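Heads up: the sequence lines are chains A and B, in that order.
The numbering of the first sequence is this note's numbering, which starts it at 535 and goes up by one.
The numbering of the second sequence is this note's numbering, which starts it at 5 and goes up by one.
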Amino acid sequence: MTAIPDPSKQGFKFSQLLYDTRYRSMTIQIVSLIAILLFFGWLISNTAANLATLGKPIQFKFLGEPSNYDINQRLLDYTSRDTHLRAGLMGLINTLVLALMGCVTATILGVAIGVLRLSKNWLVARVMTLYIELFRNIPVLLWIIIVFSIMIETMPRPNQFRSGEAAMKLFDSVAITNRGVYIPEPLFNGGLGDIFLLGESSLRFGVSLDLIAILIVLFVGLFISKKIKTNADFIQNETGVRPTTWWKRLSIVILPIVITLWALGFHLGYPELKGFNFKGGIYLRNSLIALWIALSLYTAAFIAENVRSGIQAVAKGQSEAAYALGISPGRTMSLIILPQALRIIIPPVISQFLNLTKNSSLAIAVGYMDLTGTLMGITLNQTGRELETVLMGMAIYLIISLAISTVMNWYNNSVKLVER
Amino acid sequence: MADLSFVRKDIIPERAAPLSETGVIGWFRKNMFSDIPNTILTIIVAYFIISVLGNILPWVFSPTWNSGSLTECRGILAELGRSGHGGGGACWGVIRERWLQLLFGFYPSELYWRPILAFILLGLALAPVLFDKASRKLLYLTAIYPFLCFWLIWGGSIWFPITVFSGFIVSYLGYVYVNKIFGSLAGVIASIALPIIWWLFITSPLSTLLQSIIPLGSESIDSDRLGGFMLAVLIGVTGIALSLPIGILLALGRQSNLPILKAVCVCFIEFIRGVPLITLLFVASTLLNIFLPPGSNFDLILRVMIMVTLFAAAYMAEVVRGG
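As structure tokens, then:
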């Protein structure tokens, strides 16, 4: 028989809740849970009391009312007679467009600058260091305003194009003015038209069937190209000789797309100067361009540091071993250093993407109508529904952040080193 | 037969490295022109630097420091024959005229010595925290500095910061005495509960009472007159100082074995990290009044400081957790 008495038989003392290590953690948790619940209960009762005094019970009816304001940069059709919900949707789409554009350019720039900062060339390395320090140490809001004011101050006015003081760039296809940038738009002569989803509701949107057709052709091409690569890998493993596949893979992707484009009657609609302004083409407002440039340059500086640290973290012996085996510098980089560096680079770059998306809410400073500008800006001011709009806005940002981090974590897991 | 073998009997003296490998030329050859791609890269970057500086420097160095207005500035530039995009030069007159406003906002100019003194004391108060060599006695200054700074910048009755500060003394005394009588746990509880009671119920009437007995104080400055660089430093220092302890607590909570505490910390950190700072500031300016008891109205700068601190604390927590 054991000599240790079972404590439960000795009766339960109240002081055991605090002095017995088995119960103490439970006590602390329950006390803190009660404290937190009380705190939230206090907040909610305050809110209810305040809202009752103001006569504004929580309801989302305002989302169905006409918004009565214009949104100058948008992807879908929208008029000031549309609802607040649709205005919010326009803002959300604008946020997503800006975030996507920014992430793509910031990644490209960041990787290039990060690699160049490690260059043996003294001048190049110093210039890149200067760039990184300059952009990391000045708030992004200032960069947005600087780029915006440079756009407004130094770019030619549309009427200067008429008098010949300014000219369109790239074979008369792109016009850079102080109001924004006009680029050619893709048009289809024999197009398939659009399909409209969700009828006449506030969330309606049209999808171009031409775009869907091109995407399908592209993905089929990429799929076949991947098959060819797998096949080539197989042959190389069997015989040791790798068949030349690059022209096959390239043509299987590009040729069908060219044929599809031709069949759909693809051509570009160029912007033209009519009256006091340009007509036709895609109009990117100066606010969008300024945000895009500023956010890309700013985030690129951070991504560059992540890339540099990732590359430096790969042990030097790895590349020396590769050179000893006679592998060329380019293949050493792509086959040995980058796969190992990517594992280290991706997690911090994910948080940079998240930061860029969140920083895009500074768009309100230059009048780009993103989610903060529509739902949490004008809609809030017009309806006075601060609780509903701000909570909705925060919830949407939270969902975007969580979605980006889920997708990127999934990608991170796919490139992660598989340990056996 | 003569010995024809050539064997050197003496060592050749060391010669200097060739001129092209040492000194400035050698350095340039090695670091910038080692091979053809490197040379091309150097030339491109040099061209880029020259073109950027060539555009920016003339704009920066424009003799408009003393111009009183935009028209006057444009006039000076036009006389020099400089025109072009953006007027051909910077108009620095606005900086000369408004730099005090950029530093202090709309703070009354005869009271500028107060924020300046506060920032000098900030340096002294930070010294013992940052440098080991600084005198330990300065730590007392560090302890009272937040209250001193508050009083210097906002002014008003001196009794308010003093009564708030004595909350900490109440906490310490409560711990010492209750610990002696009822044991250590009760001491801890008393050291937390007593100052809260002190701050909630005693501080404000006591400071009013003391002020009516011994009126001591300075001219009070409203929050909306603060601004400029001063406000940035104020919010920044507060955020940094307060977010570190909160961040460490959150990080510990996130790592703890207690599931409820852990869930609360994770939710808080992920929520704050998932939304932009500007939405939290929206909450501070529009929603905080709804969340708090009816009739309570507290200072906008204080609200912003709370939000910035919470925001920084969530990020700090992740940094602490990573380290």
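Each residue gets a CB set at the ideal place from its N, CA and C atoms; glycine is no exception.
A quick note: this is a predicted structure, and the numbers were derived from the prediction, not measured.
(Q) Output needed in chain order: residues of the stretch 925-939 of chain A with a Cβ under 7 Å from some Cβ in chain B. (A) G927, M928, Y931, L932, S935 and L936
Q) Could one say the Cβ of E667/A lies closer than 8 Å to chain B's Cβ atoms, at least one of them? A) no
Q | Boundaries (first-last residue) of the beta strand (DSSP E) holding I816/A | A | Counting along the chain, the beta strand (DSSP E) containing I816/A begins and ends at I816 to R819.
Q: Confirm, please, whether the CB-CB distance from A824/A to I642/A is below 8 Å.
A: no
Q: Step through the CB atoms of chain B and report whether any lies within less than 8 Å of the CB of W677/A.
A: Closer than 8 Å: no.
(Q) L675/A and M662/A - do their beta-carbons sit closer together than 8 Å? (A) no
Q) Does the beta carbon of L126/B come closer than 8 Å to any beta carbon on chain A? A) L126/B does not count as touching chain A.
(Q) Closer than 8 Å is the cut-off here; do at least three beta carbon pairs connect the stretch 239-249 of chain B with the stretch 301-312 of chain B? (A) yes
Q: Answer with buried or exposed for M535/A, where buried requires no fewer than 16 other C-beta atoms within 10 angstroms of its C-beta.
A: In this predicted model, M535/A has a pLDDT of only 44, less than 50, meaning its place in the structure is not dependable; the value taken from the coordinates is given anyway. By the neighbour-count rule (16 or more Cβ atoms within 10 Å), M535/A is not buried but exposed.
Q.
Give me, in chain order, the residues of the same chain whose beta-carbon lies closer than 7 Å to that of S227/B; leave out the 5 immediate sequence neighbours on both sides.
A. Closer than 7 Å at Cβ, skipping near neighbours: D303, L304 and I305.
Q: Decide if L61/B is buried, meaning its Cβ has at least 16 other Cβ atoms within 10 Å, or exposed.
A: Classification for L61/B: exposed.
Q) By the 10 Å Cβ neighbour count, where 16 or more other Cβ atoms means buried, how is V658/A classified, buried or exposed? A) buried
**Q.** Extent of the continuous beta strand (DSSP E) run through L731/A
**A.** D728 to L731
Q) Can at least three beta-carbon pairs, one atom from the stretch 878-891 of chain A and one from the stretch 909-924 of chain A, be found at a separation below 8 Å? A) no
**Q.** V174/B vs P199/B beta-carbon contact at 8 Å
**A.** yes
Q) Cβ of R100/B versus every heavy atom of the ligand NAP: is any distance shorter than 7 Å? A) No copy of the ligand NAP appears in this structure; indeed no ligand is present at all.
Q) Just reading off the alpha helix (DSSP H) that S742/A is part of, what are its end residues? A) It is not in any alpha helix (DSSP H) - S742/A instead sits in the beta strand (DSSP E) that spans F739 to S742.
Q) Rounded to a whole number of angstroms, what is the C-alpha to C-alpha distance between G159/B and E687/A? A) Between G159/B and E687/A, the alpha-carbon positions lie close to 43 Å from each other.
Q. For G815/A, which residues from the same chain have a beta carbon less than 7 Å from its beta carbon, with the 5 sequence-adjacent residues on both sides left out?
A. Y716, I717, P718, E719, G803, Y804 and P805
Q | Classification of G278/B by the beta-carbon crowding that lies within 10 angstroms, buried from 16 upward | A | buried
Q) Alpha carbon to alpha carbon, how far is N580/A from I282/B? A) 24 Å
Q. Taking the alpha-carbon positions, what's the M689/A to N811/A distance?
A. 14 Å
Q. Which ranges does the alpha helix (DSSP H) cover as unbroken runs of at least 4 residues, wholly within the stretch 883-927 of chain A, from first to last along the chain?
A. 913-917
Q | Under 8 Å between C-beta atoms of N671/A and Y902/A | A | no
Q) Quick one: is D611/A buried, meaning 16 or more other Cβ sit within 10 Å of its Cβ, or exposed? A) exposed
(Q) Can you tell me where the alpha helix (DSSP H) holding P132/B begins and where it ends? (A) Where P132/B is concerned, the enclosing alpha helix (DSSP H) stretches over W117 to L134.
**Q.** Partner residues on chain A for M36/B, Cβ-Cβ distance less than 9 Å
**A.** The contacting residues are N655, W656, L657 and V658.
Q. Can you list, in chain order, the residues of its chain whose CB lies under 6 Å from that of Y319/B, leaving out five sequence neighbours each side?
A. For Y319/B, where only same-chain residues beyond five positions count, there are no Cβ hits under 6 Å.
Q: Can you check the stretch 248-292 of chain B for any beta strand (DSSP E) of at least 3 residues that lies completely inside it and give the ranges in chain order?
A: Listed in chain order, the beta strand (DSSP E) elements of length 3 or more contained wholly in the stretch 248-292 of chain B amount to none.
Q: State yes or no: is the beta carbon of V174/B nearer than 8 Å to at least one beta carbon in chain A?
A: no
Q | Contact belief for R631/A with L609/A at Cβ below 8 Å, rounded distance in angstroms | A | Position check: residue 631/A holds Val in this sequence, whereas Arg was assumed. Contact between V631/A and L609/A holds: their C-beta atoms lie close to 7 Å from each other, under 8 Å.
Q: Mind checking who F722/A pairs with in its DSSP beta bridge?
A: F800/A
Q | Beta-ladder partner(s) of V174/B, from DSSP | A | DSSP lists no partner for V174/B.
Q. On the three-state DSSP scale, how would you describe L807/A?
A. Three-state result, L807/A: strand.
**Q.** DSSP three-state assignment for F836/A, whether helix, strand or coil
**A.** helix
Q. Under three-state DSSP, which class holds K141/B?
A. coil
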